[in-house]
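Reviewing the structure listed below.
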Ligand code: CMX
């Protein structure tokens, strides 16, 4: 079951500038920065009620750099919190969504994650995520 929007990912060219800008927008600071080496990104998280905003800056080989080159900075993905990521991956593949990884992988912020191809989701890059240890 999909429970809520866990976070919205925003691709940025310069994390430190974006941190400053979004801190002004939200009136509070990012609560954590985290490098995800497997994705070639550095991330910064803001908590807004039950939802988070994740800023992402990528190295030159990353999906984030490719996205910015092609489409510019902006909303990159929407992440949904799921109760059981394995079960959701099986269910959603059965519904015709294209999974971008066959097994859940470790993402930022203590999560197991799986992406769905935007071409199979009306142009939206969807991330499923489940808190590790939940
Ligand atoms: N949202 C919507 N559409 C997107 C997109 C995004 N974030 N990224 C790419 N696309 C579009 C491309 O513009 C392209 O559209 P057109 O065919 O109309 O030009 C289409 O999707 C396919 O693009 P592609 O060139 O075949 O594929 P890419 O090499 O650009 O890869 C994707 C796209 C989604 C498969 C790849 O970025 C991916 O595997 N993403 C998952 C991992 C990821 O995004 N990691 C970074 C975040 C990590 C984190 O949150 O910690």
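In this note's numbering, the protein residues as written are 5 to 138.
Ideal placement from N, C-alpha and C gives every residue a C-beta, glycine not left out.
Just so we're clear, the structure is a prediction, and the values are computed from it rather than from any experiment.
Can you find a heavy atom of the ligand CMX that lies under 6 Å from the Cβ of residue i?
i: residue 97; result: no
i: residue 174; result: Given a span of 5 to 138 for the chain in the structure shown, any question on residue 174 remains unanswerable.
i: residue 67; result: yes
i: residue 108; result: no
i: residue 112; result: yes
i: residue 52; result: no
i: residue 103; result: no
i: residue 17; result: no
i: residue 71; result: yes
i: residue 45; result: yes
Compare the C-alpha of residue i against each of the options and name the closest.
i: residue 89; options: 127, 25, 115, 54; result: 115
i: residue 112; options: 45, 25, 32; result: 45
i: residue 110; options: 74, 135, 35; result: 135
i: residue 18; options: 47, 41, 33; result: 47
i: residue 40; options: 117, 24, 96; result: 117
i: residue 102; options: 33, 132, 32; result: 132
Is residue i close to chain C, meaning its C-beta is less than 7 Å from at least one C-beta of that chain?
i: residue 31; result: Note that chain C does not occur in the displayed structure, where there is just one protein chain.
Short of 6 Å in beta carbon distance, which residues of its chain neighbour residue i, apart from the five on each side in sequence? Order them along the chain.
i: residue 63; result: 44
i: residue 22; result: 16, 59
i: residue 66; result: 44, 45
i: residue 104; result: 119, 121
Given residue i, which residues of its chain have a CB within under 7 Å of its CB, disregarding the five upstream and five downstream residues?
i: residue 26; result: 50, 57, 59
i: residue 15; result: 60, 68, 71, 72, 77, 78, 80
i: residue 54; result: 8
Please return the same chain residues whose Cβ sits closer than 8 Å to the Cβ of residue i, not counting the five positions on each side in sequence.
i: residue 137; result: 114
Roughly how far, in whole angstroms, is the beta-carbon of residue i from the beta-carbon of residue j, given that I think they are within contact range, below 8 Å?
i: residue 10; j: residue 83; result: 5 Å
i: residue 6; j: residue 86; result: 6 Å
i: residue 100; j: residue 124; result: 7 Å
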